[in-house]
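Q:
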Amino acid sequence: YAETPQQKGLVVMNTPGSDVFSITGKIAAGAQMVLFTTGRGSPAGSAIAPVVKISSTTR
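In the working numbering, the protein residues as written are 297 to 355.
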């Protein structure tokens, strides 16, 4: 969490469940864009890097 990846390309990081902590950790590790999945939608975002929210729900 929040550590620079050792390889190039797509990296999947294990982060806390909290929206804000998850986004912050990814950016601290060097992410230039965050793909954030959520079921209901979340108001969390960042002024440092764009956050793309991917949301869906059955209702």
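Ideal Cβ positions, reconstructed from N, Cα and C, are used throughout, including at glycine. Owing to the predicted nature of the structure, the values given are computational and were not obtained by experimental measurement.
Give the DSSP-derived three-state secondary structure of Lys304 in the structure shown.
A: By one-based count along the sequence shown, residue 304 stands at place 8. Here Lys304 sits in coil by DSSP.
Q: By DSSP, does Ser318 sit in helix, in strand, or in coil?
A: The residue labelled residue 318 in the question sits at position 22 within the sequence shown. Three-state result, Ser318: helix.
Q: Taking the alpha carbon of Pro346 as the reference point, which residue from Lys322, Gly313, Thr353 has its own alpha carbon closest?
A: Counted from its first residue, the sequence shown places residue 346 at position 50. The residue with the shortest Cα to Cα distance from Pro346 is Lys322.
Q: Do Thr334 and Ile350 come within 9 Å of each other at the CB atom, strictly closer than that value?
A: As a working mapping, residue 350 is identified with position 54 in the sequence shown. As a working mapping, residue 334 is identified with position 38 in the sequence shown. Contact flag set, yes.
Q: Taking only three categories from DSSP, how would you classify Ile344?
A: As a position in the sequence shown, residue 344 is number 48, starting the count at 1. Three-state result, Ile344: coil.
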